[in-house]
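Read through the structure below, which is laid out as structure tokens, and then see the notes.
There are 2 protein chains.
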Amino acid sequence: MTDWKNPPRLFIPGPVQVNDDVLQQLARPTLGHRGKEYSQLQAQTVDMLKKILFTDQNVFLSTSSASGIWEASIRNCVGFEETVLCTCCGAFSDKWADVARSCGRNVDELKVDWGKPVLTEMIDERLATGKYTAVTLVYNETSTGLTNPLYEVSEMMKEKYPDILVFVDAVSAMVGLPLHFDELGWDVVFASVQKAFAIPPGLAVAAVSNRALEKSKNVPGRGYYFDFQSFAKSAEKNQTPTTPVIPHIMALNYQCEKLVKEGMEKVWQRHEKMGEFVRSWAKEKFALFCEEKYASNTLTTAQNTRGINVADVIKAIQEKHNTIFGNGYGKLKEETFRIAHMGDITLDDLKELLGWIDEEIA
Amino acid sequence: MTDWKNPPRLFIPGPVQVNDDVLQQLARPTLGHRGKEYSQLQAQTVDMLKKILFTDQNVFLSTSSASGIWEASIRNCVGFEETVLCTCCGAFSDKWADVARSCGRNVDELKVDWGKPVLTEMIDERLATGKYTAVTLVYNETSTGLTNPLYEVSEMMKEKYPDILVFVDAVSAMVGLPLHFDELGWDVVFASVQKAFAIPPGLAVAAVSNRALEKSKNVPGRGYYFDFQSFAKSAEKNQTPTTPVIPHIMALNYQCEKLVKEGMEKVWQRHEKMGEFVRSWAKEKFALFCEEKYASNTLTTAQNTRGINVADVIKAIQEKHNTIFGNGYGKLKEETFRIAHMGDITLDDLKELLGWIDEEIA
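Heads up: the protein sequence lines correspond to chains A and B, in order. For the first sequence, counting from 1, position 156 maps to 158 in the numbering used here; every step adds exactly one. For the second sequence, counting from 1, position 95 maps to 97 in the numbering used here; every step adds exactly one.
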């Protein structure tokens, strides 16, 4: 019997499981969003996010899913006469190109097969045409469990195309994978909090470079809800332009405190260890869907080499243990399956889950 | 000492005070937004909202503040060649006109002084020009505490201008004031949940007519995040197009259960009684800012006829009782002050607050 009040424990690649102490942060008494209590909350939270993202530039809190920032980055920073190059390697990077088109912008795509990375030389070749104002990159493609080599891409771009704006979807990467925003020379990066921040969905975090903000001043048709200029103006008072999702910002404050205390190097190492553990199991029992070099440390996509019925295994584990993991995404359903290992998920949690899968496939 | 973890009790006109049992709904275990548990939650919640809004048409849940739906209504339902008439009678109705312009649409304004209603004959006169495709109305102007006579306006529009689309901001009206969506012939109505639903901010509820949805199919530049077509397509599966703010939807489900059980007539009467009580105090001690006929049942704006220092009184009550009410909005600061009486606020709560104000002004 489906009962939303008694949902399964989540190993799907987002929303991920949220610990009880984090959930309780959402239940704190609410605040007036124009009062000093709220400003204190936002100031504290943004300060910590700047440490987590290694930036001295702008950090905005958007009451939306991260996909709102797909639209925001395009509307704010790409003029109607300009063209953006969208790199596509899976369902979510593909979608971003659609979103850019829905905003009436000119879009070219650089497409690779799902499960393959977008490589530095491919991007270089396209940018060399001189046609592009901006490029969209996905750090970690949640549909395939692939991490693109963005540190290498960013080095190349800083050297050869320093004037091209760089927008990065870090939805399932932020917190789990290294991210030095200022050093990488990125212009917009964003994530939802229901991935490695381990908070329920409803809030997106975005870092925006000073030059992107400057450029947005003169881009028409930015609209209202996602206008970076309004975000920047309100940020001066430690506020948001529209009423924010305060419970989630309280939970984010709580999670940021823990992350800053742990130290980001250690947080990334913790995710790396979880990634290694699940990959090692997946290689032994199945195969990795992506080349290991590009396999993500926040989720693993296994190739269903044994021809198991993935949906049946998920169903069985849900019935026995009230726990679910992810089937393959879209066209990769049954051909692959996905296990999240990010946020507050632990190695012990993963051992338990993989043990249950082992029992089902034995 | 400002401490966001120990905030004041709220009588500002939103966010309003949220009861502990409602806050606890936000702390429920989270769900996968593509799983059957989430669909069950959304289906239940939307069914109850349809009863609350008296509609058989479309109800959407938007992870945004209600101001996102200002933008959505315009982007989805007003073409670039068309003109929308924005009726303006306070800070928020004024802002909606700005938002429509920021979406690149043609806007004419029908402006009255703050604190005055937009009357049926004024709207009739403008619509008679034949220039307009749509009109924006604000049911309850939160900045002035004024309720526009929308039942009368709607009767006139249904009779004389049945083809003109009607968009209604019901941010501080929905739940607190009568709202029969289908019967009124409205096309879009929306509110945030931090007003009379008495939930923390982060979610907006919108009803959208079938004809508005049909029209939006052919309006270009709808963008992505607020595209009604995507909302409608996802609603067929009891889902949202992007990851929704699940904790708030759980709390909304809880609040809707209570509202449906109480019955909307009784809910509106309860608000009316609170309105009468606060107005009677305000008339005795100060004066009403709006003509009584148009004074709202969800918040009262008092004219500061005694020349008190409003900010000082609010500060004193915060220090003594950790409770705040609202100063006047924008240019009405100090000249007026505002007291919310909606959602889960009770007559006893209001007696307590008004007693404290009496002590300060004695």
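Glycine included, C-beta positions come from ideal geometry on N, C-alpha and C.
Asked	Found
Option in LYS317/A, HIS323/A, SER298/A with minimal Cα separation from LEU148/A	SER298/A
SER41/A in three-state terms, based on DSSP	helix
One or two residues paired with GLN1/B in a DSSP bridge	Only positions 3 to 364 of chain B appear in this structure, which leaves residue 1/B out of reach.
Cutoff 8 Å: HIS343/B Cβ touching any chain A Cβ	no
Interface flag, ARG256/B vs chain A, CB-CB below 8 Å	The displayed chain sequence assigns Tyr, not Arg, to residue 256/B. Judged by the 8 Å Cβ criterion, TYR256/B is not in contact with chain A.
Nearest to GLU123/B (by Cα), restricted to the options CYS91/B, MET158/B, THR146/B	MET158/B
Beta-carbon contacts of PHE94/A that lie in its chain and below 8 Å, excluding the five residues immediately before and after	VAL140, GLU143, THR144, SER145, ASP171, VAL173
Beta-carbon proximity of THR16/A to ALA342/A, cut-off 8 Å	First, the residue type needs correcting, since residue 16/A is Gly and not Thr in the sequence shown. Yes, Cβ-Cβ distance for GLY16/A and ALA342/A is below 8 Å.
Per-residue burial, ASP229/A [other beta carbons within 10 Å of its own, 16 or more giving buried]	buried
Three-state secondary structure (DSSP) of CYS90/B	strand
Limits of the unbroken alpha helix (DSSP H) element including VAL109/B	Where VAL109/B is concerned, there is no enclosing alpha helix (DSSP H), although the beta strand (DSSP E) it sits in stretches over 108 to 113.
Chain-ordered neighbours of LEU25/A on chain B, where CB pairs are closer than 9 Å	LEU28, ALA29, ARG30, PRO31, THR32, PRO249
SER64/A versus ASP165/A, TYR226/A, THR57/A, residue with shortest Cα-Cα distance	TYR226/A
Whole-number beta carbon distance between PHE327/A and ARG308/A, since they are thought to touch under 8 Å	Not really, about 15 Å apart at Cβ, beyond 8 Å.
Reduced DSSP secondary structure (H/G/I, E/B, other) of GLY204/A	coil
Close Cβ partners of PRO119/B (< 7 Å) along its chain, the five nearest in sequence each way excluded	CYS91, LEU148, ASN150, PRO151, TYR296
Whole-number beta carbon distance between LEU87/B and TYR134/B, since they are thought to touch under 8 Å	4 Å
For ALA74/B, three-class secondary structure by DSSP	helix
Counterpart residues of PHE192/A in DSSP-defined beta bridges	ASP171/A, ALA208/A
Any C-beta of chain A under 8 Å from that of GLY147/B	no
Buried versus exposed, by CB contacts within 10 Å (16 or more), THR32/B	buried
Coil, strand or helix - ILE310/B by DSSP	coil
GLU58/B versus TYR153/A: straight-line alpha-carbon distance, rounded	Checking the sequence shown, residue 58/B turns out to be Asp, not Glu. Approximately 52 Å, taken between the alpha carbons.
Short Cβ contact (8 Å threshold) for ALA200/A with ASP351/A	no
Beta-bridge partners of SER64/B, as assigned by DSSP	ALA206/B
First and last residue of the uninterrupted alpha helix (DSSP H) at PHE233/A	230 to 237
Reduced DSSP category for ASN240/B - H, G, I as helix; E, B as strand; rest coil	coil
Supposed close pair ARG103/A, GLY223/A - CB separation, criterion 8 Å	Not really, about 14 Å apart at Cβ, beyond 8 Å.
Buried versus exposed call for MET3/B [16 or more other C-beta atoms within 10 Å across all chains shown]	exposed
Sufficient close CB pairs (3 or more, under 8 Å) joining the region 235 to 248 of chain A to the region 187 to 203 of chain B	yes
Contacting residues, own chain, Cβ-Cβ under 6 Å from GLY332/B (five flanking each side not counted)	ALA93
Collapsed DSSP secondary structure at THR214/A in the structure displayed	The question names Thr, yet the displayed sequence has Ala at residue 214/A. The answer is helix: DSSP assigns ALA214/A an H, G or I state.
Check whether VAL190/B and VAL207/B have beta carbons under 8 Å apart	no
Chain-ordered chain A contacts of CYS105/B [CB-CB under 9 Å]	GLY223, GLY225, TYR226
With 16 other Cβ atoms within 10 Å as the buried cut-off, status of SER156/A	buried
Assigned secondary structure, GLU143/B (DSSP; H/G/I helix, E/B strand, else coil)	strand
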